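When we follow this note's numbering, the leftmost residue of the sequence shown carries the number 15, and every step to the right adds one. Glycine is no exception: its CB is placed at the ideal position from the N, C-alpha and C atoms. Since this is a predicted model, take the numbers as computed values, not measurements.
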Amino acid sequence: MTTGAMCDAPRTASREGAEVRLPRVCFSLPYARQLLDGGSGYFGGAEVRGTTFLRGLARDGAFDVHAVVIGDTRAAVTGVDGIRMHFRPDVPWHVGQQDDATRSIWADVDADLYVAFGANEATAELARFCRARGRALVLSIASDAAFDGIVYEGSTERDPYGIPGHFIWFAMHHADEVVVQTERQQALFMAREGRAATLIRNPAPSTVRSEPRAAPAYGGRMLWIGRIDPNKRHAEALALAAALPHRTMIMVCNDIHSLGQRSIDELEVALPNLMLADQVALPDIDALFSFSDVLVNTSVVEGFPNTFLQAGMHGIPIASMSFDPDGMLARHGCGSVANGTRPDFARVVESLLMNNARYAGAASANVRWLRDRHDPAGRVAELADVVRRALAQHARRPAVLAR
15 MTTGAMCDAP RTASREGAEV RLPRVCFSLP YARQLLDGGS GYFGGAEVRG TTFLRGLARD
75 GAFDVHAVVI GDTRAAVTGV DGIRMHFRPD VPWHVGQQDD ATRSIWADVD ADLYVAFGAN
135 EATAELARFC RARGRALVLS IASDAAFDGI VYEGSTERDP YGIPGHFIWF AMHHADEVVV
195 QTERQQALFM AREGRAATLI RNPAPSTVRS EPRAAPAYGG RMLWIGRIDP NKRHAEALAL
255 AAALPHRTMI MVCNDIHSLG QRSIDELEVA LPNLMLADQV ALPDIDALFS FSDVLVNTSV
315 VEGFPNTFLQ AGMHGIPIAS MSFDPDGMLA RHGCGSVANG TRPDFARVVE SLLMNNARYA
375 GAASANVRWL RDRHDPAGRV AELADVVRRA LAQHARRPAV LAR
């Protein structure tokens with residue numbers, strides 16, 4: 015059995031002279047520990063989005079807020095900013111996790127409601143537990159890939175990360191409430207499941223705000239943030255750096271060392287305009303945006319990238335090889351989008367950096383987009399409403415046998 019430290023007493027609040035037990039809400043955020051306690055390690059967009067919501071709900075004061083993260087299972091429950099962290103081991107979810115849906119870290123936390131980010135095997139396990147124990151589950155969809163053709167009941171087809179489509183389907187199908195990041199995801203979920211999902215756009219991950227930049231300030235420096243991943247396509251970013259040798263590129267690439275030191279050395283010789291980094295702490299990412307002129311994106315598919323928000327926070331535009339969530343680039347003018355080919359991507363980026371009027375207009379539009387749609391307090395309030403609704407409609411039901 016894999017468990018974390020046992021939970022302490024429920025939190026209460028004084029209301030009208032009486033002590034009332036606060037609803038216990040637990041977030042599943044395996045790789046978010048470093049964002050909560052200041053450590054180092056891998057994190058992605060789901061972790062940034064999740065911890066922003068997590069801290070917001072903790073500040074709300076209406077919930078007893080917990081999080082399950084990867085860590086030493088022998089450690090005691092840790093409190094950070096009103097959030098109680100529980101630890102699970104860094105092992106595949108199917109190892110020691112699903113033998114008995116009632117015997118897991120989730121049972122130790124004993125929450126009234128669980129929140130997960132991304133439809134995957136980890137969330138499928140949590141959905142199985144919630145069904146077995148009659149607890150409510152809120153799922154926040156991460157990527158549009160959750161709606162790919164391989165996702166259906168019983169599917170053994172695997173996504174690029176090796177996850178069988180059935181797990182993704184199970185997580186979505188059995189969530190009591192589903193939250194999506196874009197209008198496109200909202201329409202895809204309705205078409206797939208025949209029920210409504212709640213649109214909650216990503217909350218801006220910090221209070222940093224800059225005026226829109228009037229022109230490139232650092233020689234057209236490009237910033238790419240991602241990881242070694244078939245979806246993020248780091249090779250396309252390298253091709254862009256090669257196509258525009260007069261433009262510097264900062265490339266933050268998680269797991270870049272998996273390429274081997276020899277390959278990295280060869281890249282740095284072949285591309286003298288390239289500056290490579292592996293894992294970078296979130297506050298330091300802000301600094302990189304401050305000293306860059308354009309964010310470039312090469313992903314095949316996303317949900318809504320937090321990096322797009324960070325570009326808006328720092329007043330710079332975005333250039334994408336093909337991905338354009340809710341038309342924010344082409345239709346709303348927050349940057350430029352190419353046709354998916356390398357030559358057109360290089361052309362689009364160079365055109366944006368060479369035309370100051372176009373650049374300034376895109377930077378201003380991106381700042382407006384952020385201000386109008388991604389205010390963190392408003393987005394946290396929307397999630398709190400979803401949590402309250404799920405608690406009211408799905409409070410500790412009788413157990414249901416999962417299948």
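- Of all alpha-carbon atoms in D338, L254, V82, the one lying nearest the alpha-carbon of G234 is that of L254.
- Among the bridge pairs identified by DSSP, Y175 is matched with none.
- Around the beta-carbon of A210, fewer than 16 other beta-carbon atoms lie within 10 Å, marking it exposed.
- With a cutoff of 7 Å on beta-carbon distance, P357 and P217 are scored as not near each other.
- Here the alpha carbons of A138 and A189 stand approximately 9 Å from one another.
- Apart from sequence neighbours up to five positions away, the residues of its chain that approach F303 with a beta-carbon distance below 6 Å are Q324, H328, ordered along the chain.
- Under a 10 Å Cβ-count criterion, P44 is classified as buried, with 16 or more other Cβ atoms of the shown protein chains found around its own Cβ.
- Burial check for V34: the Cβ neighbour count within 10 Å stays below 16, so the residue is exposed.
- Between the C-alpha atoms of R63 and R385 there is a straight-line separation of about 17 Å.
- Secondary structure note for A150: it is in no alpha helix (DSSP H), and the uninterrupted beta strand (DSSP E) holding it is 150 to 154.
- A straight-line Cα-Cα distance of about 57 Å links A284 and R147.
- With a contact defined as Cβ atoms closer than 8 Å, M265 and L296 miss out at about 17 Å.
- Under the three-state reduction of DSSP output, F203 falls in the helix class.
- Distances from the alpha-carbon of V194 to those of T212, V308, R345, H271 put T212 closest.
- Under the three-state reduction of DSSP, S42 is assigned to strand.
- If you check the CB distance, W120 and F101 do not come in under 7 Å.
- In the structure shown, the three-state DSSP call for C348 is coil.
- D358 carries a helical assignment under DSSP once its states are collapsed to helix, strand and coil.
- Within the region 182 to 259, complete alpha helix (DSSP H) segments of at least 4 residues are found at 197 to 207, 248 to 257, given in chain order.
- Around the Cβ of A231, a 10 Å sphere holds fewer than 16 other Cβ atoms; the residue is exposed.
- Going by C-alpha positions, V79 is about 10 Å away from V94.
- In this structure the region 167 to 186 does not lie against the region 341 to 348, because fewer than three pairs of beta carbons, one per stretch, are closer than 8 Å.
- Residues F318, P339, D340 of the same chain have their beta carbon placed closer than 6 Å to that of T196, with the five preceding and five following residues left out of the count.
- Rounded to the nearest whole angstrom, the C-alpha separation of R145 and Y128 is 12 Å.
- The alpha-carbon of D158 is positioned some 23 Å away from that of P331.
- Per DSSP, reduced to three states, the secondary structure at M263 is strand.
- Taken atom to atom, the span from the alpha-carbon of P259 to that of R241 is near 22 Å.
- Counted as a single uninterrupted DSSP element, the stretch harbouring G274 is not any beta strand (DSSP E), since DSSP gives it neither H nor E.
- DSSP lists R38 as the bridge partner or partners of D78.
- In the displayed model, H388 falls within coil according to three-state DSSP, outside both helix and strand.
- Considered as a whole, the region 271 to 335 harbours 275 to 284, 296 to 304, 320 to 327 as its complete alpha helix (DSSP H) runs of no fewer than 4 residues, in chain order.
- Ranking A130, V83, A352, N245 by CA distance to the CA of Y175 puts N245 first.
- Residues V152, E191, V193, T212, I214 of the same chain have their beta carbon placed closer than 8 Å to that of V400, with the five preceding and five following residues left out of the count.
- About 7 Å separates the beta carbon of V363 from that of V308, a gap short enough to meet the 8 Å contact definition.
- Separation of D269 and G59 (C-alpha to C-alpha, rounded to the nearest whole angstrom) is 15 Å.
- For A130, there is no enclosing alpha helix (DSSP H); the residue is found in the beta strand (DSSP E) stretching over 127 to 131.
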